[in-house]
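Student: Those protein sequence lines, which keep their order, are chains L, B and U.
Mapping of the first sequence onto the working numbering: position 91 corresponds to residue 91, and the numbering continues sequentially without gaps.
Mapping of the second sequence onto the working numbering: position 255 corresponds to residue 255, and the numbering continues sequentially without gaps.
Mapping of the third sequence onto the working numbering: position 115 corresponds to residue 115, and the numbering continues sequentially without gaps.
For every residue, glycine included, the Cβ atom is placed at its ideal position computed from N, Cα and C.
Nothing here was measured: the structure is a model prediction, and the numbers come from that model.
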Amino acid sequence: MSEKSKVWEVFIQSKNGLAHKHVGNLHAPDKEMALQNARDLYTRRNEGSCIWVVQSIHIISSESEDGEVFFDPSNDKLYRHPTFYKMPEGSKNI
Amino acid sequence: MNDKIFQEKIDKEKKVEPKDWMPEGYRKHLIRQISQHAHSEIIGMQPEGNWISRAPSLRAKMILLAKVQDEAGHGLYLYSACETLGVSRDDLIQQLHEGKAKYSSIFNYPSLTWADMGAIGWLVDGAAIVNQVSLQRTSYGPYSRGMIKICKEESFHQRQGYEIMAELSQGTKEQREMAQDALNRFWWPSIMMFGPHDADSPRSGNAMKWKIKRKTNDELRQSFIDKTVPQAELIGLTIPDPELKWNESRGHYDFGEINWEEFWDVVNGNGPCNTQRLNHHIEAHENGKWVREAANAHAIKLEKK
Amino acid sequence: MSLIKYILRIADSSLIEGQRLSEWCSKGPTLEEDIAMSNIALDLFGQANGFLEYASKIDKKKSPDDFAFKRDEGDFYNLKISEQPNGHFGTTMVKLFFSSTYRYLLYEELSSSNDETISALSLKSIKEVKYHLKHSKSWIIRLGDGTKESNNKVQQSLNTLWEFTGEYFEEDSIDLEMKKNGIGLTKSLENKWKDIVIDTLNKAKLEVPKSTYMQTGGKQGLHTEYLGKILTEMQSIPRKYPDAKW
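1. Per DSSP, which one or two residues make a beta bridge with L/C50?
2. By DSSP, does B/G288 sit in helix, in strand, or in coil?
3. Alpha carbon to alpha carbon, how far is B/G121 from B/H157?
4. Please classify U/A11 as buried or exposed, where buried requires at least 16 neighbouring CB atoms within 10 angstroms.
5. Please classify U/H204: does DSSP put it in a helix, a strand, or coil?
6. Should the segment 221-229 of chain U be regarded as contacting the segment 56-68 of chain U, the criterion being three or more beta carbon pairs within less than 8 Å?
7. How is B/H74 classed by DSSP in three states: helix, strand or coil?
8. If you draw a straight line from the C-alpha of U/Q215 to the C-alpha of B/I93, how long is it?
9. Would U/N284 pass as an interface residue toward chain L - the criterion being a Cβ-Cβ separation below 8 Å?
10. Between L/F11 and the rest of its own chain, which residues show a CB-CB distance below 8 Å, the 5 nearest in sequence each way excluded?
11. Taking beta-carbon pairs under 8 Å, can you tell me which members of the segment 65-88 of chain U lie near chain B?
12. For the beta strand (DSSP E) that contains B/W122, what are its first and last residues?
13. Identify which residue in B/V266, B/G146, B/I191 has its Cα closest to the Cα of B/G256.
14. For L/K21, write down the residues that DSSP places opposite it in a beta bridge.
15. Can you give the Cα-Cα distance for L/S14 and B/G44, rounded to whole angstroms?
16. For B/A295 and chain L, any beta-carbon pair shorter than 8 Å?
17. What ranges does the alpha helix (DSSP H) occupy inside the segment 74-154 of chain U, keeping only unbroken runs of at least 4 residues that lie completely in it?
18. How about the segment 39-54 of chain B and the segment 103-111 of chain B: do they share at least three Cβ pairs that are nearer than 8 Å?
19. When you compare the CB of B/W290 with every CB in chain U, is at least one pair closer than 8 Å?
20. Is there a Cβ from chain B that is less than 8 Å from the Cβ of U/W193?
21. For chain L, find out if any of its Cβ atoms is closer than 8 Å to the Cβ of U/A36; answer yes or no.
22. Identify the contact partners of U/S138 in chain L, using a Cβ-Cβ distance below 8 Å as the criterion.
23. Which value, in whole angstroms, describes the spacing of the CA atoms of U/L8 and U/S2?
24. Using CA coordinates, which residue listed in U/T186, U/I118, U/E128, U/T160 is at the minimum distance from U/S211?
25. Please report the residue range of the beta strand (DSSP E) in which B/H252 lies.
26. With 16 other CB atoms within 10 Å as the buried threshold, where does B/M193 fall?
27. List, in chain order, every chain B residue whose beta-carbon is nearer than 9 Å to that of L/V7.
28. Restricting to Cα atoms, I'd like to know which of B/N270, B/A72, B/I52 is closest to B/S40.
29. Measuring alpha carbon to alpha carbon, tell me which residue in U/L110, U/E23, U/L42 is nearest U/S188.
30. Quick check on DSSP: helix, strand or coil for B/H281?
31. Taking the alpha-carbon positions, what's the B/A38 to B/P189 distance?
32. Using the C-alpha atoms, what's the distance from B/Q180 back to B/H252?
33. Could you say which of B/H281, B/Y103, B/M117, B/A284 lies nearest to B/G195 if we only look at CA atoms?
34. Take U/S14 and list the residues in its own chain whose beta-carbon comes closer than 6 Å to its own, dropping the five residues that flank it on each side.
35. Tell me the residue span of the beta strand (DSSP E) that contains B/W246.
36. Under 8 Å between the Cβ atoms of U/L105 and U/L158?
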């Protein structure tokens, strides 16, 4: 049985009227826990904060601004490196 | 070719973000440094967590618990920054458990009295602040932003520790002795936190070139000592270094030579608490396995609905 | 004095529960949960402190720290469930779930107490306890309806702790006096508590324990063997250095 939990990006609106701001990520098995953990970790019980959580794999990113300069185009995933791709069970060295 | 462009970017003080191209060496160095920083915060919860149940007043108990909770949060911010480099938290924890990744050696010393809570907050967090303030300007974006957030929260930690030491120093004879004893045990390990002399630090070169590191070990150590000596004098405590002396021409304190044998012993796994700290972490992780598995099983059931 | 004793019952349960919960620090099943439990423990200490300050104001001789660090077991009035060992994570969540449900209902009622301070303290604490309830409830469901292993473990915890839940609803002469003054509970919380708990256990595919034996005595200062050890640890420094200020 797998122990690996999902990674969620967290966005906080600290005060009414302000835009949500990206503050980091956390691990949680489901969206309810993700919201609760985000409250504990990123708002330290400041009431009135609005929290958004999104699984990292669901975020689409534009090209890095370096894209034209470097000889190695990036993909549309949030992070460059392949952590967030599911590898088949039993695969090694990848 | 890319290396050259990358270095120009670094030299211009531009931030590197997760999606940018980076030399494999830069990426590996950062993973090592950030993860070890994260592990340090987590392992650091243990010596302080040791005194939560025995804090001598309700206020002290709540402040200490909040501080340790902050440390967990800092560890989390750092694991979070590290994961943007393409490594999972599970892998990082495995490296810690297998002894492949290290954490700050200061946490391999035991916390033996309540005064140690003062000494740790004042000296260990104090040393960490000197290091972290410098790291706010590190070249990797997520690490830099993590450091800025951590620094904001860290100053309360040092003040908490210093307040404890100040109160003890003005207290009963036993309290004054307790404070001095804690300082005697934590002084040298605290200045060891800045690492070996730069000449003896093999990775310093690249770290400075890539602006991962902004100041040298020796510079940071000197800065810490210069700040801390007057703080000790103010509350009537004596720093256990007979060679400590203000040097007018240098504009800095001269201090004695660190016991490098002890330093390398502890770094290499032979300190008073190395085994205990690691076993504690491994045991907590293993005890939690059934919980994590259940949470995932439940999440899958939710998705199927 | 009855009012002080009534206040101490609330304060002591929060204090001892907080003490137990904070034992999880650096031992949580995940880092996120470590932080969550510390947060809850902090809330409980804060609530205990609030009620102890009120007790201190009435007593005029003892400070909140005197109440916390200088009383013996027989003078503590926490419910027995607070002092039970944490066990594994499931046991801790069952404890937290039972107590948070109780506390939530208690503060809801007491926020309309005739005693202004009790009313204010209750209002202040409700938000926090609502979160404790949400958190623990979601874990009961997650663990009950997770794996076979987690279901078995939590069921065992339920069976073990069930006998401590009767104390929540006991009514003695002090409770009756407070009821008469409009200061304490005007009605029993038992039915509402059972509604919430049984509904959750059903969702979690857990069985409601059938035993009817209930422990008693905490409110009168008669405890289990655990409280003595908890206090020995908690009170060790002020007792060792009675002249020192901390």
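Tutor: In this structure, then:
1. L/Q13
2. coil
3. 6 Å
4. buried
5. What sits at residue 204 of chain U in the sequence shown is Ala, not His. Correct three-state label for U/A204: coil.
6. The answer is no - the segment 56-68 of chain U does not touch the segment 221-229 of chain U, with fewer than three Cβ pairs under 8 Å.
7. helix
8. 43 Å
9. Examination of residue 284 of chain U is not possible in this model, given that chain U is present from 1 through 246 alone.
10. Answer for L/F11: H20, K21, H22, V23, I51, W52, V53, V54, listed in chain order.
11. D65, A68, F69, H88
12. Neither: B/W122 is in no beta strand (DSSP E) and is coded neither H nor E.
13. Looking only at B/V266, B/G146, B/I191, the smallest Cα-Cα distance to B/G256 is reached by B/I191.
14. DSSP, once it has assigned bridges, lists L/I12 as partnering L/K21.
15. 29 Å
16. It does; some Cβ of chain L falls within 8 Å.
17. 80-83, 89-110, 116-144
18. yes
19. yes
20. No Cβ of chain B is located within less than 8 Å of the beta carbon of U/W193.
21. yes
22. E32, M33, Q36
23. 10 Å
24. U/T160
25. B/H252 -> beta strand (DSSP E) spans 252-254.
26. buried
27. Neighbours of L/V7 on chain B, chain order: S80, E83, S88, R89.
28. The candidate whose alpha carbon is nearest that of B/S40 is B/A72.
29. U/L110
30. helix
31. 19 Å
32. 24 Å
33. B/Y103
34. Around U/S14, the same chain offers L44, Q47, A48 as residues with beta carbons nearer than 6 Å, after the five sequence neighbours per side are excluded.
35. 245-247
36. In this structure, the beta-carbon distance from U/L105 to U/L158 does not fall below 8 Å.
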